[in-house]
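Please read the structure below before turning to the comments.
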């Protein structure tokens, strides 16, 4: 049976004891991470969120306490009192902050016993993820996960401090809102009071934060939980968290970017001690696509795209020639420097990468030291083939890779190919952070499936002032006052200056094919709000989960969330979602399943 | 058409300008709160969340700007540049922090025009609440509401700072959880991936926060949104916010109360500058009930309850006599000092109060200066009647009020009566804060409807160590390690030391009538967690909405929430809950209504 603390209060956390504590009588509490019984002496590693403290039980000095200590097993919860002593020289552990000392235990209380855990609680735990998710509370004891949630707390704290200093108010927006199905799928909540009606959980607080600006709150932020009922890819969770920001009296994208840069600088400084530049690099969307084939480019390595359409136009290779001639199509390539060494099998694997992004194939020219290997060479005149190689800066040892297709496909395929080659060859310096803004996004893109324009960001994004003239006739030419923050090739956040005129907002809705009825039903109250005075405003949102992942170096979003869902949006620990009682369904007017 | 800011950046917020700014060229932005055209001069009150700045447009000095300014109407959004000047002595407004100065406008930009608003945006707005909820973004412009959300932000900020200083980590717990229908009604979220299954929105993060202790996070807090699908009384909202706290290695209620006291002190200091005592008063539950008839007593006034059962036992008045004899029943009274002046009608109104709480009637003795008036006098011997008056400390001019019933009914009725009389007679000093803890709650109470014991707080509450001996045979005698913080007669928060032994937790579930199957289905994973080492832990939660209400002096919870719901749990602004598309229902496997 568990013992009680009986008034024992810990002196400090386990990981905080140091040589300077030697000789002091102290109290510590924690979980047993490890125990070693050496016959007349027993060592125990006591663990809490701060680290490990070595306890030493000596039969000679404290026979009764020693005897009691032999019952100790892993994950028991202890409170101990004793004296801090230096470790013998040969026992010093230089890898532990507390490695120079130990606690000679004079009083032991076993606060809680523990069965053998389903897996061993160490950082290099080999248990499969399903088991660890089922016993999440045990997995969370691992320093690896504790660290990530501690950094998450630091980021949230730093955000609150910084935003307050900048005059932003933390304001909560509702979770039970209205479904406005432009975007991802909503999670719905049936109403009991008004049967047949539903609330929707927010995909983002977008409308509310703009309404807060219309309400005169001037500067708002929130650590906002958002929801999307999507089929989960890796690194997606049905509920995720944004650092959500909105401010009034801004018109230029730089006004918002400046606040965002300050916040990100502060977060990097506080969590990993890294000083970022005062202003981050900026790249226009068109340049990001042309050079990196991506609107979230990783610029820590080269392998930039090159447009060779002009050179291949009129060549005998019809795939290239057609793409070079057609509007909205192109032929582009990457020079994989020194990678002519790739085997046929390795090149085939690259074919798979581009095909995943819709390209029909990958053409290549392998400039092997013993001669050029290229299935497309035969379609070219020698002169033009040379010109193509030269245009790509091709030298002996290089592998030139080409895709010819619709621009979007070319960019997507080569952008992905670029990353695949860099990862394969270890070209990415993972020790650095590559931070930049992508700006000047198109306001619209054409949705092939729905055969209509859609807003590339969202329909509240303001067009660039200088592009307003194209809004009527050449909407695809209109660029947006939008900006994405890209860190190491990942979208860390994004936002825009918003439309603040009712007229322009209605034009925007009209262009994306919303009828007046649609607008009224979905956004009626929002559009009406524009009639009563709207300060110019803008904002952005950072993905908090993503930020924590970037700052703690993990690719797994589950590592940064205390109680995550699996790919089927289920919690393996609590078994949610689950069955509910018939009574609950009846009260909601929902059908009760036959049993 | 709206003008652009064109690079204008405000110098500071409207309410921040002072005499020390006189002579400076400054820029200000805001909404037009008021305008007065005096012919050749126009005054405009420019409003932002910080206050009001008077703008002055002079035809003589800046004829073009003046001409433009005549178009200004209420709620237009402006940016202005000009010079700060002192107001003429007779125009000084001592009620405004900016009342000594004005801005002589040299450049005016009308950033947004505004139609006439559906109601006038002033603090003494007379529009009905429905209209104001529909145009919530306009209502929120009123300084009254802005102030309340600004204080809310201060409280959240202070909490984050204080909790971090005390070593608490901010950790987010899931919104999509499992329904555990012990308590209020859950909001359910249908699962698309697993049709027929549901998530539940959290009523509180109780299980998760305890699991975080089991996971070794040691100290946790969260500003947690919680959900209850209840029929809304005034001052209830379907979604509400808790300051949620949990800590490990605590056993004594004082360990948690100390942290809570520190937080509340800090919040009062930072928001209203009030110094609270280091330790708050404590009152045991039994004493709170006996003296005030309430477990959340307002002790800013007297009118305490007195038990007269012993005195009336055996009197001729059977209602009193029976109640005095029966176990669990009693006769108690309040001496409403000096209130013999109450008319018959006023006393009848008091009858209604006690009846609302289930009492069958209110007996009284009115010690009027011209003689005693009491319908119950005839049942008493003169001697016993005198003894009853004496026991109540009755003097000429007093009104003695009695209820005889089951104890619970007596307490509820007299507790409510006490408040009603105090409010009616203005006995409550609203300028002070009355803060105290109520402790030593019963662990269980008997639920008459369900004919079983239920946990008075929740089934994770630890019994008092000294009462463990009653757990088996006299469970109603067992008191809990629970504590509520009561401010001005309102429950501001509450919590407990938790059970941390699997054995005791199972006993607890058993006593409240959960079968092993129930336990396994609802709390299986939680009970299992107790097998792997559990630190003793405890915590509490404050109602954030309630705290803001108390600190800003409002009785209306809607005043402290940006976008509240009405009594039908609907948002009149966005019209949530609403209809959704058939496609959405089909994807969720929900029936599509016939149209």
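Residue numbers (this note's numbering), protein chains in the order written: chain A, 4 to 598; chain B, 4 to 598.
Every residue gets a Cβ at the ideal spot worked out from N, C-alpha and C, and that includes glycine.
Owing to the predicted nature of the structure, the values given are computational and were not obtained by experimental measurement.
Could you check which residue in the options has the C-alpha nearest to that of residue i?
i	options	result
residue 560 of chain B	B:235, B:86, B:40 and B:186	B:235
residue 11 of chain B	B:76, B:84 and B:164	B:84
residue 15 of chain B	B:7, B:27 and B:330	B:27
residue 39 of chain B	B:73, B:7 and B:50	B:73
residue 554 of chain A	A:25, A:105, A:587 and A:270	A:270
residue 309 of chain A	A:172, A:292 and A:282	A:292
residue 189 of chain B	B:215, B:279 and B:241	B:241
residue 302 of chain A	A:451, A:523, A:581 and A:433	A:433
residue 243 of chain B	B:552, B:581, B:24 and B:90	B:552
residue 24 of chain B	B:225, B:44, B:56 and B:154	B:56
residue 437 of chain A	A:402, A:365, A:282 and A:250	A:282
residue 506 of chain A	B:115, B:132 and B:478	B:115
residue 279 of chain A	A:288, A:289, A:287 and A:264	A:264
residue 232 of chain A	A:187, A:388 and A:67	A:187
residue 366 of chain A	A:374, A:373 and A:355	A:355
residue 304 of chain B	B:409, B:426 and B:171	B:426
Tell me the DSSP bridge mates of residue i?
i	result
residue 45 of chain B	B:40 and B:60
residue 238 of chain B	Beta-bridge pairing links residue 238 of chain B to no other residue.
residue 579 of chain B	B:574
residue 540 of chain B	B:251
Quick one, are the C-beta atoms of residue i and residue j less than 8 Å apart?
i	j	result
residue 76 of chain A	residue 117 of chain A	yes
residue 1 of chain A	residue 440 of chain A	With chain A covering 4 to 598 only, the question about residue 1 of chain A has no answer from this structure.
residue 337 of chain A	residue 421 of chain A	yes
residue 458 of chain A	residue 449 of chain A	no
residue 487 of chain B	residue 299 of chain B	yes
residue 391 of chain A	residue 383 of chain A	yes
residue 424 of chain B	residue 339 of chain B	yes
residue 119 of chain B	residue 82 of chain B	no
residue 1 of chain A	residue 167 of chain B	Chain A is shown only over 4 to 598; residue 1 of chain A falls outside these bounds and no answer can be derived.
residue 239 of chain A	residue 318 of chain A	no
residue 105 of chain B	residue 90 of chain B	yes
residue 428 of chain A	residue 342 of chain A	yes
Mark residue i as exposed unless 16 or more other C-beta atoms lie within 10 angstroms of its C-beta, in which case mark it buried.
i	result
residue 53 of chain B	buried
residue 149 of chain B	buried
residue 589 of chain B	exposed
residue 254 of chain B	buried
residue 492 of chain A	buried
residue 594 of chain A	exposed
residue 539 of chain A	buried
residue 471 of chain A	exposed
residue 579 of chain B	buried
By Cβ distance below 6 Å, which residues in the same chain neighbour residue i in space, the five residues on each side in sequence not counted?
i	result
residue 312 of chain A	327, 333 and 334
residue 135 of chain A	142
residue 416 of chain A	357, 360, 362 and 406
residue 107 of chain B	59, 85, 86 and 88
residue 537 of chain B	217 and 503
residue 130 of chain A	122
residue 195 of chain A	590 and 591
Apart from the five residues just before and just after residue i, which ones in its own chain have a Cβ nearer than 8 Å to its Cβ?
i	result
residue 544 of chain B	207, 227, 245, 246, 247, 248, 496, 497 and 498
Taking 7 Å as the cut-off, is the C-beta of residue i nearer than that to any heavy atom in the ligand GDP?
i	result
residue 564 of chain A	The ligand content of the structure shown is nil, which means the ligand GDP is not present either.
Looking only at its chain, what residues have a beta carbon closer than 7 Å to the beta carbon of residue i, apart from the 5 residues adjacent to it on each side?
i	result
residue 511 of chain A	462 and 502
residue 178 of chain A	204 and 205
residue 316 of chain A	324, 327 and 328
residue 252 of chain A	538 and 539
residue 344 of chain A	none
residue 275 of chain B	554
residue 165 of chain A	265, 266 and 269
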